[in-house]
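Taking it in order: structure first as structure tokens, then the write-up.
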């Protein structure tokens, strides 16, 4: 698919087909290409047929390489792009940035604030505090929210007068106040103390953030280090210390539970990166969940020791899975997943010496370290591998492929979003003419005929169901036949909308009706091979049809659905149903259950 | 007769089939997160780089969840135990409309055979076959994109 698109793609101003001969070459040399595609890291291995061109052409060689990797191994796109940047722009553009507060403080001024864009799990406030202490400056903090404008404004006035720093946290909760910030930072009537600085923390919040402030501020975004090792190491340096390890008796059991829970905490945080394969919903678990869980375990152990009763792991599992972490989990299936982890890792078994968290993982043995001192734990954590293999999460190694595909697609989509929307289409037909021709010659003739509701009722009456259900001439009352009539109604509704928008697009292009913004959108979408919004959503934003990325996929969906429904109504019930093709698959199953129940009763 | 939907895999696609006497056959589902052993009709580890498997035709029907009454004392108990044991060998697999998994797109759940008959206990005690597939994030999808 990608290959074909690439071979037909025109590059540059002179519209050269760089890859015109690509499909041909692959056909001729199939085995060599197959071997290259199946490599683990094709971006590091010479590309068949093209290597000479890539290494010989300093101008576009690297770009050719990037295109080929993107077309054939989408999952390696990010890595290939890294290589590309390194070769063309320089190494420093891909190296991780580790600017310290001191590095950008130099650039701040009384009226140039620092704006932190928060990402999950990062909080710069403690860094600001620390640096303020070093410079012997007092900081005042306001956490924004409803009706916090006044205290915040007061603190800023005070800070400007006496030279304090002011930290405004979570400013996405109070965008209106941010709008005043530009004026407030440049007061006309008073002199501002030279030590005054403003720090803003804010979650990314779309278009609403005031542009002026955004332009004048120094923008920083922090990303917490990724991976299990970094995660466990972080909790062991912030929450856990030697005193904590000796807080509850019996120490060795307490320590095992603490380590196991910290490990569990990192595992579920890292698991999010796998998208839907990991969790249905990416929850933002944070340290407070871990601390609350540890707090409960502390109490339970102390109580059990006092009353000399055995530990109830059921209670511990329940508190961690359903109450503490479960408080954030809204999807029932995610909760089941969570309970797998807790029943596995909050358990008598972890008290065994050298308990192994996931025995099927062999490259590194993740276990409860046999140690008493905090530094020993840190030592063990530092030995953990820097990149995590999916099996430690209980996932198949293929999950890494899912993850890197998702990553690559995300990167490409971000780049597409930053592209100018109406680039100058070169030569040939205009945008409107292209769309008109496409609708007239290609799309409209493909549409199936309208479904006549009277005709439907007639046909349903004589459409037999399973054995022993309904009477001849009254078959329209069989549950699945009722379902079919509902599906046909909804199909006709979508079909009507599609036909109508197609015709109004053509009329508008011809100048017979006026061009509304809605029609312009539809035309642009058809031109870009995307599905017009009206076909997929109603004005309230509810889905009315099937969601696909491309227009061609959507049209195919329309025809396939018509084929199933039409075949069913005009001939007979198909032996096997294409579940995907129903608007209301739950309704389908419910009707099926009703039929089985009635069959049994008879 | 209660509203439990239970599926067991029917015949492989491509053959001419007749509609079942009870319930329906459905097709066109994709398995994500694990592989499929056609011969033994059960889940197995995926092959490297294969993210989706075409799932065979699924027979979906309604079954009674009522506990059988009458008979010898303890018969209900035994039947219940059998049902629990049978349940254990199954992975309750969610079926979603799209790869985006959320409440709205969850259509139903179906029991799929999770375990190889007589397979030795895995190295992790307490990790049942059903849990293994749960951790793998196994589900059936109506559409891959």
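Protein chains in written order, with this note's numbering: chain B, 260 to 861; chain P, 73 to 217. Heads up, the beta-carbon is just placed ideally off N, CA and C, and yes, glycines get one too.
If you ignore the 5 residues before and after residue 732 of chain B, its C-beta comes within less than 8 Å of the C-beta of 720, 721, all in its own chain and listed in chain order. Assignment of residue 214 of chain P by DSSP, reduced to helix, strand and coil, places it in the coil class.
A distance below 6 Å between beta-carbons, with the five flanking residues on each side excluded, links residue 424 of chain B to the following residues of its chain, in chain order: 391, 396, 398, 456. Only those residues of the segment 99-129 of chain P whose C-beta falls short of 8 Å from the nearest C-beta of chain B are listed: 99, 100, 101, 104, 105, 106, 117, 118, 120, 121, 122, 123, 129.
Distances from the alpha-carbon of residue 495 of chain B to those of B:743, B:641, B:554, B:542 put B:641 closest. Residue ranges of uninterrupted alpha helix (DSSP H) with 4 or more members, entirely inside the segment 729-798 of chain B and ordered along the chain, are 738-769, 776-786, 792-795. Going by beta carbons, residue 729 of chain B and residue 741 of chain B fall outside the 8 Å limit. Residue-level contact check: residue 656 of chain B touches chain P, since one or more beta carbons of chain P fall below 8 Å from its beta carbon.
Listed in chain order, the non-local C-beta contacts of residue 606 of chain B below 7 Å within the same chain comprise 572, local neighbours out to five positions each way being set aside. The continuous beta strand (DSSP E) containing residue 134 of chain P extends over residues 130-135. In the three-state DSSP reduction, residue 524 of chain B falls in the helix class (H, G or I).
Contact between residue 102 of chain P and residue 213 of chain P holds, with the beta-carbon distance rounding to 5 Å and staying under 8 Å. Against chain P, the CB of residue 837 of chain B has a partner CB under 8 Å away; the residue lies at that interface. For residue 214 of chain P, the chain B residues whose Cβ falls inside 8 Å of its Cβ are 838, 839, 844, in order along the chain.
Cβ neighbours of residue 814 of chain B within its own chain (closer than 8 Å, five residues either side excluded): 702, 705. Using a Cβ-Cβ cut-off of 8 Å, residue 652 of chain B is close to 207 of chain P, given in chain order. Under the Cβ distance rule, residue 183 of chain P does not count among the residues neighbouring chain B, no pair being separated by less than 8 Å. Taking 8 Å as the cut-off, the Cβ atoms of residue 674 of chain B and residue 337 of chain B do not count as close. For the pair of segments examined, the segment 369-378 of chain B was found not to touch the segment 348-355 of chain B: the number of CB pairs separated by less than 8 Å stays below three. It is roughly 17 Å from the alpha-carbon of residue 838 of chain B to the alpha-carbon of residue 90 of chain P. One finds 603 in chain B with Cβ atoms closer than 7 Å to the Cβ of residue 199 of chain P, taken in chain order. Under the 10 Å beta carbon count, residue 818 of chain B is surrounded by fewer than 16 other beta carbons and is classified as exposed. Taking a C-beta distance under 8 Å as the contact criterion, residue 848 of chain B and residue 180 of chain P qualify as a contact pair. With respect to the C-alpha of residue 584 of chain B, the residue from B:624, B:528, B:612, B:557 having the closest C-alpha is B:528. According to DSSP, residue pairing for residue 99 of chain P in a beta bridge involves B:837. Within chain P, no C-beta atom comes less than 7 Å from the C-beta of residue 799 of chain B; the nearest is roughly 15 Å away.
Identification of residues in the segment 726-752 of chain B having a C-beta nearer than 7 Å to some C-beta of chain P yields 726, given in sequence order. In the structure shown, residue 342 of chain B adopts helical secondary structure according to DSSP, grouped into three states. Spatial neighbours of residue 325 of chain B in its own chain (CB-CB distance under 6 Å, excluding positions within 5 residues in sequence) are listed in chain order as 339, 343.
Each of B:558, B:546, B:650 was checked against the Cα of residue 575 of chain B, and the nearest Cα belongs to B:558.
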